[in-house]
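Numbering (our numbering), first residue to last: 52 to 147. Heads up, the beta-carbon is just placed ideally off N, CA and C, and yes, glycines get one too. Input: a single structure, listed below in structure tokens.
So this is what it looks like as structure tokens:
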């Protein structure tokens, strides 16, 4: 019987919270087709704060990256800023 509350607690941690951070466990529990959607929903508002005009394009570019790398970016504002800056340089090269 003591195992039941522990198992319930693990299930709660694995469920992606609407406003909470996206965890590797929550991502792994999701279908592969839903994983990029989940990451995108967390990334977009963060990118929007840095580059409102190109948030959709930059988020789309970032979603081509590996999921584990995207999780690291979500945890570190500096990593996020670096990737947004890189994406801006790529966009400028393509349009300039």
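- Every candidate beta strand (DSSP E) stretch fails here, since none sits fully inside the region 100-128 while reaching 3 residues.
- In this structure, the CA atom of residue 79 is about 17 Å from the CA atom of residue 126.
- Here residue 74 carries a coil assignment [DSSP, helix/strand/coil].
- In chain order, 97, 124 place their CB closer than 7 Å to the CB of residue 131, counting only its own chain and leaving out the 5 sequence neighbours on each side.
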